[in-house]
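Input: a single structure, listed below in structure tokens.
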Amino acid sequence: MDCKDIRKKFSDYIDHNVSEKEKRDIQEHLDICIKCSNELEMMKKTLEMVRNLPALSAPDGLTDHVIEKIHQHQSKKAKITLVLSKIAFAEIIALVIIMGLKHYFPEKNVAIPVQEKQQLIAGKSESGETKIQPSEIIKKTEKKSQLALKTQQSYSPIQHEREDQLITIEIAKKSPEKEVFVPLFQAEKEFGDRTTEKTLKEEKSIAQPLLQTKRFVANEQINVESEILKQITMEEGKILSDKEISDTEVSRIITVEIKKENYRNMIEQLNQKFEIKNYSSIKDIESPETSIKIQFQIFK
Amino acid sequence: MNNKDNNMDDEILVKKIQRENDMYAFEILVKRYQEKIYNICYRFMGDRQEAFDCAQDTFVKIYENIKSFKHLSSFSTWSYRIAVNTCKNRLSSWQYQRMKKTFSLGEKSSDIQNNDSPAQNLEKLRIQEMVQKAIDALPFDCKEMIILRDIQQFSYEEIVKITGLPLGTVKSKIARAREKLKEILENLRHGL
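Chains A and B supply the protein sequences, listed in that same order. Numbering-wise (my numbering), the first sequence opens with residue 875 and increments by one. Numbering-wise (my numbering), the second sequence opens with residue 5 and increments by one.
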């Protein structure tokens, strides 16, 4: 192992996460390489400084503030519920009045004047617009009445139950190249990017020079399926079905149920590991339920 | 609230909140975790007021979501994850970015209470400020690893549970984060 390989193992070496053989190799190298030996000492000193940072005591009154804030939230919610129930009550009263009026004053067929009927059938040919055929008018009227029927149905309490919305997320099994952001100095050291001395000096002179970032490309091979299953468990989701398919473009379909509030975090976490195509943002999810169903389609 | 309640397991307290909406049980949990969560938030934010707000938001989120907690992980892991995500959201919010541009958040963090001389205390304070400055300069994922592993000293397995990342990724991220922190500190020391 050369210096670069040895230095990569420093972190694991400090945490005793290396095998006996690796430990021997590192120690043998350190005996003969002063540079690496110094680097390791620097790393140990850095971590010592970090570990010596004092633990702060929690500010007085944090618990009281939390409890107060929760009470505030609860009373806000209660107020909203009260307002909503008032609105619902007003709606019911309005509906009762409308139904009553309809009962006492049944709708009559409105006669269309003959001239208007003829105009409708003839269309506005003089003005150059498309003629509407009588049959189309009939079709349109039918459509209109169907729509009216549908609208009525949607307000009927029997039809109130909505269909479960299934969100589909497509994932390519072969993990694509991913852009990672690293501080400029690091990028330069690791990936040999050429940056002029002038730029470096300029960056050093600003308050936080290492916040400057440079793009590079990393290609990590990730087991997409196991990452998804792991993340679902983390987000306390439920696996509804898990099917492997051999003869289509899609190799596996995993259907899960997850709390709506955990959806965003799950997507963010998965997006850090691999690219997810065509997923819905939380705003697009219309389901009124607290849980949502998601189907992961993993492409070959 | 009596001593018997104070010694109850997290799991029992959580179930009491889930079943009976028991605010006393929740208060015990807040008192039990407030220091740890406040410290995590402080190291992410580098500012006491911001840390206070984030810790407060974390507990409110915990309370609001506790009914959906299904005991698949420990309560502590779950609450630390909420704290990390709260800080992450706050750091990336446009209000925070704008505020950061307007003025520096750096401040003295120390609670030094010992028998050292004033000169020794001053030196300790200087080092602590420098380390916090270096942590502030790290990108979020590196900061997350340093705070969880080297400041809060969580095990690798605990970090896997908190972040939801695979063990291999956690190991390599920790190694990279430490290397970056070392470089930043070297630069800060040369600059001083």
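Glycine included, C-beta positions come from ideal geometry on N, C-alpha and C.
Burial state of residue i, where buried means 16 or more other Cβ atoms lie within 10 Å
i                       : result
residue 1136 of chain A : buried
residue 163 of chain B  : buried
residue 1120 of chain A : exposed
residue 877 of chain A  : exposed
residue 167 of chain B  : buried
residue 903 of chain A  : buried
residue 917 of chain A  : buried
residue 84 of chain B   : buried
residue 25 of chain B   : exposed
residue 123 of chain B  : exposed
residue 62 of chain B   : buried
residue 970 of chain A  : exposed
residue 1108 of chain A : buried
residue 906 of chain A  : exposed
residue 957 of chain A  : exposed
residue 154 of chain B  : buried
residue 932 of chain A  : buried
residue 935 of chain A  : exposed
residue 1179 of chain A : Because residue 1179 of chain A is not part of the residues shown, which for chain A are 875 to 1174, the question remains open.
residue 1051 of chain A : Here the model assigns residue 1051 of chain A a pLDDT of 46, short of 50, so the residue's position is not dependable, and the following value carries that caveat. Burial call: exposed.
residue 1147 of chain A : buried
residue 968 of chain A  : exposed
Straight-line Cα distance separating residue j from residue i
i                       : j                       : result
residue 1101 of chain A : residue 1113 of chain A : 14 Å
residue 962 of chain A  : residue 972 of chain A  : 15 Å
residue 171 of chain B  : residue 897 of chain A  : 20 Å
residue 197 of chain B  : residue 1145 of chain A : No information on residue 197 of chain B is available, as it lies outside the stretch 5 to 196 that chain B covers here.
residue 929 of chain A  : residue 80 of chain B   : 18 Å
residue 1169 of chain A : residue 1105 of chain A : 14 Å
residue 1176 of chain A : residue 1141 of chain A : Limits of chain A in this structure are 875 at one end and 1174 at the other, which puts residue 1176 of chain A out of reach.
residue 192 of chain B  : residue 74 of chain B   : 45 Å
residue 920 of chain A  : residue 1103 of chain A : 37 Å
residue 964 of chain A  : residue 954 of chain A  : 15 Å
residue 77 of chain B   : residue 120 of chain B  : 43 Å
residue 125 of chain B  : residue 36 of chain B   : 30 Å
residue 1150 of chain A : residue 1171 of chain A : 10 Å
residue 150 of chain B  : residue 1126 of chain A : 37 Å
residue 1037 of chain A : residue 147 of chain B  : Per-residue confidence for residue 1037 of chain A stands at a pLDDT of 41, beneath the threshold of 50, marking its modelled position as unreliable; the derived number appears in the next sentence. Between residue 1037 of chain A and residue 147 of chain B, the C-alpha separation is close to 44 Å.
residue 42 of chain B   : residue 94 of chain B   : 14 Å
residue 152 of chain B  : residue 194 of chain B  : 27 Å
residue 942 of chain A  : residue 57 of chain B   : 13 Å
residue 978 of chain A  : residue 940 of chain A  : 57 Å
residue 90 of chain B   : residue 975 of chain A  : 54 Å
residue 173 of chain B  : residue 966 of chain A  : 57 Å
residue 915 of chain A  : residue 1044 of chain A : 47 Å
residue 177 of chain B  : residue 1139 of chain A : 20 Å
residue 894 of chain A  : residue 51 of chain B   : 43 Å
residue 925 of chain A  : residue 1166 of chain A : 42 Å
residue 949 of chain A  : residue 938 of chain A  : 16 Å
residue 180 of chain B  : residue 881 of chain A  : 11 Å
residue 69 of chain B   : residue 39 of chain B   : 21 Å
Cutoff 7 Å; reference residue i; Cβ partners in own chain excluding five residues on either side
i                       : result
residue 1032 of chain A : The pLDDT assigned to residue 1032 of chain A is 34, lower than 50, so where the model puts this residue is not dependable, and the model offers no usable value.
residue 1128 of chain A : 1102, 1113, 1116, 1170
residue 141 of chain B  : 188
residue 909 of chain A  : 877
residue 92 of chain B   : 144
Cut-off 8 Å between Cβ atoms - residues of its own chain near residue i, not counting five sequence neighbours on either side
i                       : result
residue 892 of chain A  : 883, 886, 900
residue 161 of chain B  : 171
residue 1164 of chain A : 1133, 1134, 1135
residue 879 of chain A  : none
residue 87 of chain B   : 41, 44, 45, 58, 59, 62
residue 1124 of chain A : 1171, 1172, 1173, 1174
residue 135 of chain B  : 189
Residues bridged to residue i [DSSP beta-bridge criterion]
i                       : result
residue 1127 of chain A : A/1117, A/1171
residue 1132 of chain A : A/1166
residue 173 of chain B  : Looking at the DSSP assignment, residue 173 of chain B forms no beta bridge with any residue, so it has no partner.
residue 1045 of chain A : A/1150, A/1172
residue 1112 of chain A : A/1131
Chain E contact residues for residue i, given Cβ-Cβ distances below 9 Å
i                      : result
residue 934 of chain A : The question asks about chain E, but that chain is absent: this structure's protein chains are A and B.
Neighbourhood of residue i by C-beta, 6 Å cutoff - its chain only, sequence neighbours within 5 removed
i                      : result
residue 29 of chain B  : 17, 20, 21
residue 71 of chain B  : 22
residue 165 of chain B : 77, 81
residue 15 of chain B  : none
Any non-hydrogen atom of the ligand GTP closer than 8 Å to residue i Cβ
i                     : result
residue 56 of chain B : Ligands in the displayed structure: none, and consequently the ligand GTP is not present.
Whole beta strand (DSSP E) elements within the stretch 19 to 44 of chain B, 3-residue minimum: Counting only runs of 3 or more, we get nothing.
Contained alpha helix (DSSP H) runs [length at least 4] in the stretch 901 to 985 of chain A, N- to C-terminal order: Fully contained in the stretch 901 to 985 of chain A are the following alpha helix (DSSP H) runs of length 4 or more, in chain order: 908 to 925, 936 to 978.
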